[in-house]
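Chains A and B are the protein sequences, given in the same order. The opening residue of the first sequence carries number 0 in numbering that gives the first Met the number 0; numbering runs sequentially from there. The opening residue of the second sequence carries number 0 in numbering that gives the first Met the number 0; numbering runs sequentially from there.
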Amino acid sequence: MSDATANGQAMTSGELAGEEARRREVRNRWLLATPALVIIFFAALGPLAIMLVYSFLEKGNYGGVIWEFSTDGWFGVFLKQDIFDDTIGFADAHLSIFWRSIKLSLMTTVITLAIGFPTAYFIATQPAKWRPVWLFLVTIPFWTNLLIRTFAIMEVIRNEGVINSIFIAIGLIEQPIQMLYTDFAILLGMAYVYLPLMVLPLYAAMERLDFRLVEAGYDLYANRWQVLRRIVIPLVKPGIIAGSILVFVPSLGAYVTPRVLGGGRNMMLGNLIELQFGQGRNWPLGAALSITLLVIVMVALLFYVRNASKGGVQSHG
Amino acid sequence: MAASPDSAPAVTAHQVTKIFGGGSDRVVALDDVSVEIRQNEFFTLLGPSGCGKTTLLRLVAGFDHPTRGRIDLDGEDISYLPPYKRPVNTVFQSYALFPHMTVAENIGFGLKMLGKPAAEIETEVSKMLKLVKMEAMRDRATSAISGGQQQRVALARALAPRPKVLLLDEPLSALDLKLRKEMQIELKRLQNETGITFVFVTHDQEEALTMSDRIAVMSSGKILQVGSPREIYDHPSHRFVADFIGETNFIEAELTSVAKGAGKLKLASGKTIEASLPDSGVAIGPVTAVVRPEHANLVTGKAAAALDGKLSNIVYFGTDTHYHVALDSGGEFIVRMQNARDDTGRWRIGDRVGVSIDKGSVQVLRD
Numbered sequence: 000m001s002d003a004t005a006n007g008q009a010m011t012s013g014e015l016a017g018e019e020a021r022r023r024e025v026r027n028r029w030l031l032a033t034p035a036l037v038i039i040f041f042a043a044l045g046p047l048a049i050m051l052v053y054s055f056l057e058k059g060n061y062g063g064v065i066w067e068f069s070t071d072g073w074f075g076v077f078l079k080q081d082i083f084d085d086t087i088g089f090a091d092a093h094l095s096i097f098w099r100s101i102k103l104s105l106m107t108t109v110i111t112l113a114i115g116f117p118t119a120y121f122i123a124t125q126p127a128k129w130r131p132v133w134l135f136l137v138t139i140p141f142w143t144n145l146l147i148r149t150f151a152i153m154e155v156i157r158n159e160g161v162i163n164s165i166f167i168a169i170g171l172i173e174q175p176i177q178m179l180y181t182d183f184a185i186l187l188g189m190a191y192v193y194l195p196l197m198v199l200p201l202y203a204a205m206e207r208l209d210f211r212l213v214e215a216g217y218d219l220y221a222n223r224w225q226v227l228r229r230i231v232i233p234l235v236k237p238g239i240i241a242g243s244i245l246v247f248v249p250s251l252g253a254y255v256t257p258r259v260l261g262g263g264r265n266m267m268l269g270n271l272i273e274l275q276f277g278q279g280r281n282w283p284l285g286a287a288l289s290i291t292l293l294v295i296v297m298v299a300l301l302f303y304v305r306n307a308s309k310g311g312v313q314s315h316g
Numbered sequence: 000m001a002a003s004p005d006s007a008p009a010v011t012a013h014q015v016t017k018i019f020g021g022g023s024d025r026v027v028a029l030d031d032v033s034v035e036i037r038q039n040e041f042f043t044l045l046g047p048s049g050c051g052k053t054t055l056l057r058l059v060a061g062f063d064h065p066t067r068g069r070i071d072l073d074g075e076d077i078s079y080l081p082p083y084k085r086p087v088n089t090v091f092q093s094y095a096l097f098p099h100m101t102v103a104e105n106i107g108f109g110l111k112m113l114g115k116p117a118a119e120i121e122t123e124v125s126k127m128l129k130l131v132k133m134e135a136m137r138d139r140a141t142s143a144i145s146g147g148q149q150q151r152v153a154l155a156r157a158l159a160p161r162p163k164v165l166l167l168d169e170p171l172s173a174l175d176l177k178l179r180k181e182m183q184i185e186l187k188r189l190q191n192e193t194g195i196t197f198v199f200v201t202h203d204q205e206e207a208l209t210m211s212d213r214i215a216v217m218s219s220g221k222i223l224q225v226g227s228p229r230e231i232y233d234h235p236s237h238r239f240v241a242d243f244i245g246e247t248n249f250i251e252a253e254l255t256s257v258a259k260g261a262g263k264l265k266l267a268s269g270k271t272i273e274a275s276l277p278d279s280g281v282a283i284g285p286v287t288a289v290v291r292p293e294h295a296n297l298v299t300g301k302a303a304a305a306l307d308g309k310l311s312n313i314v315y316f317g318t319d320t321h322y323h324v325a326l327d328s329g330g331e332f333i334v335r336m337q338n339a340r341d342d343t344g345r346w347r348i349g350d351r352v353g354v355s356i357d358k359g360s361v362q363v364l365r366d
């Protein structure tokens, strides 16, 4: 009897010690996460809250905001009021910029995927000792400032640039082809800038791909195309999704590339927002546009996440 | 379905050489290998890792192509055909089941790629599931079934398209002993029921002996001997073959005369015994011969003994006992004798003993 009691007590105190240790561990984890949480709170959530508040204020005549509630900013995102007869219509200029942003971002995603997929596959099938070298080469563009790289592209594709000069010199064309300040230029720039963001997650997924499954596919009468479609793509889908998000999201808010390569006429959302805070002197509209951009991104992410979880069984070795 | 020697070969390798890499990384995986695999036989490639057995299998499957030489399937050159154009399927060592498909989808994959109609795939898959006794697992994910079940699915997947030849790359090596024994019997049954030629790769000599119609023993990229399990075990041609398969005593002796495939061996003890000779024949003079431990007996008295020595160790195995004899002429000879219940303590370490060798159980090696 006394034995049992002693045992019972020992177990209880043991459990208590375990509970205490667990609690301490949880506390330590929160402590470790604190710096990140502080940064996220002050650098991301804080400004976001300010943006949300500003979007519901009156615009100041010389920029800034007047602290009075107004929905004009949000009104201006989708609608416009004619300054002469006060008729209300869709803000088609904004809508076309929205559309252009989404379209160019989707196209950038598709282009980087089309180029990045074979690249990642190539790297993943190289001998293990050479793979880091290839990955290193992929990341080289990150060494140079984005602005400088963008101006370099400008130098290549402008009317007096490298491509046009060569084409004219060898007599292929007489007049330079207008490439700069077109959607093509923006696409080229964005695809170039965001390609590594597509290649790296794709590579990570393909490196984990069991290539014996590819052999099994060939063995079971699947040709190259069928192996790609039915085995490789389903198995590296997480990488495709991650890469697409990493390219699509920043493309949507791109500022430098469309500004430099698109000129003034081919604006994207980032430029439109900048315009409202700058020359437009309409901070509430700019804030409302920013929040709209955020919502679009979140909708896109939700769509992806749902799609990804529908992907079903994933390989775990 | 036993292989009949006169049926046309299913797979033939003609002087196949396979070299990987170049320069200092150059590896000769297969060195001028020729072999014929007959229709409907259970053919085993046996050898230690790195002997080239898997390379030969991959050449037949089409994952690699020969550097030199030719591989025929049913008399047609398939050396450079891609794997998806060969009526040959593989059961992989790792099974390589598609993790994003169910059991049934895995099994139906080959038929689907061959463009068979859905209804036909459906019936075939059901048939295959029944054949490997996996009907209940039809819609499971491949990650939700055990290793033995994965093995069965891999088999069904490879058999479903009715290949002319089924290649099996050490498919049982990942299973535990009990399951492995079960699957050995299962594989033989499947081969009998389907009548498909099986080419089986293994490094497990016991597996090879129990399952095969014929075995090719490989070492360092070469095939040393091809024959039935009995031929390989009783009449090994090379020291490597004798050593790799079963336990063996090697005795150095002198071949004194040859007549009709049999020869007279003069042993170091001075006694003369009869021995079988390899097919290719050997020259009169010093040779190495092998005797299996179970083909020898311990005796007392010099008259019956071919070899003499001192008992140096006794190892009890339950069904039988191994007696290690230190021969007077040097070297060790192991005798394996069946245990009876009343022979405890008949032999003691340190006893002077003679070793008698059963008639017709000495085999002279080619090397």
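Glycine included, each C-beta is placed from N, C-alpha and C at the ideal position.
Through-space distance from residue j to residue i, alpha-carbon basis
{"i": "Q125/A", "j": "A203/A", "result": "14 Å"}
{"i": "D233/B", "j": "Q362/B", "result": "8 Å"}
{"i": "V213/A", "j": "L186/B", "result": "25 Å"}
{"i": "E251/B", "j": "A267/B", "result": "8 Å"}
{"i": "P65/B", "j": "A304/B", "result": "52 Å"}
{"i": "G317/B", "j": "Y120/A", "result": "57 Å"}
{"i": "L56/A", "j": "F276/A", "result": "14 Å"}
{"i": "E154/A", "j": "G269/A", "result": "23 Å"}
{"i": "M178/A", "j": "V246/A", "result": "23 Å"}
{"i": "T122/B", "j": "L165/B", "result": "21 Å"}
Same chain only: Cβ atoms within 6 Å of residue i, ignoring 5 sequence neighbours per side
{"i": "P175/A", "result": "N158, N163"}
{"i": "L301/A", "result": "none"}
{"i": "I172/A", "result": "F166"}
{"i": "S3/B", "result": "At S3/B, the pLDDT of 49 sits below 50, so the modelled position is not reliable; the number obtained from the coordinates is stated separately. Nothing meets the Cβ criterion."}
{"i": "R264/A", "result": "none"}
Within 9 Å, strictly: CB atoms of residue i and residue j
{"i": "W73/A", "j": "A221/A", "result": "no"}
{"i": "S211/B", "j": "T43/B", "result": "yes"}
{"i": "E253/B", "j": "P285/B", "result": "yes"}
{"i": "A103/B", "j": "L128/B", "result": "yes"}
{"i": "I36/B", "j": "A9/B", "result": "yes"}
{"i": "I156/A", "j": "L196/A", "result": "no"}
{"i": "I232/A", "j": "Y303/A", "result": "no"}
{"i": "A140/B", "j": "P82/B", "result": "no"}
{"i": "T196/B", "j": "N39/B", "result": "yes"}
Residue i (DSSP reduced to helix, strand or coil)
{"i": "Y322/B", "result": "strand"}
{"i": "Q174/A", "result": "coil"}
{"i": "P16/B", "result": "Strictly speaking, residue 16/B in this sequence is Thr, with Pro absent from that position. DSSP places T16/B in strand when its eight states are reduced to three."}
{"i": "I144/B", "result": "coil"}
{"i": "M336/B", "result": "strand"}
{"i": "E154/A", "result": "helix"}
{"i": "R347/B", "result": "coil"}
{"i": "R28/A", "result": "helix"}
{"i": "K126/B", "result": "helix"}
{"i": "P235/B", "result": "coil"}
{"i": "Y315/B", "result": "strand"}
{"i": "T43/B", "result": "strand"}
{"i": "R148/A", "result": "helix"}
Cβ neighbour criterion (16 or more within 10 Å) applied to residue i
{"i": "Y315/B", "result": "exposed"}
{"i": "G220/B", "result": "buried"}
{"i": "H315/A", "result": "In this prediction, H315/A scores a pLDDT of 39, lower than 50, which makes its location untrustworthy; no coordinate-derived value is stated."}
{"i": "Y191/A", "result": "buried"}
{"i": "W129/A", "result": "exposed"}
{"i": "A117/B", "result": "exposed"}
{"i": "K17/B", "result": "buried"}
{"i": "S100/A", "result": "buried"}
{"i": "I356/B", "result": "buried"}
Close beta carbons around residue i, own chain, < 8 Å, minus the five adjacent residues each side
{"i": "I120/B", "result": "G107, L110, K111"}
{"i": "L51/A", "result": "A286, I290"}
{"i": "G46/B", "result": "K52, H202, V216, M217, S218, F243"}
{"i": "I348/B", "result": "L310, S311, N312, I313"}
Same chain, Cβ closer than 7 Å to residue i, neighbours up to 5 away in sequence not counted
{"i": "S360/B", "result": "V290, R291, H294"}
{"i": "F116/A", "result": "L201"}
{"i": "L80/B", "result": "G61"}
{"i": "L113/B", "result": "P160"}
Closer than 8 Å: residue i CB and nearest the ligand MG heavy atom
{"i": "T86/A", "result": "Only the bare structure without any ligand can be found here, which leaves the ligand MG out of the picture."}
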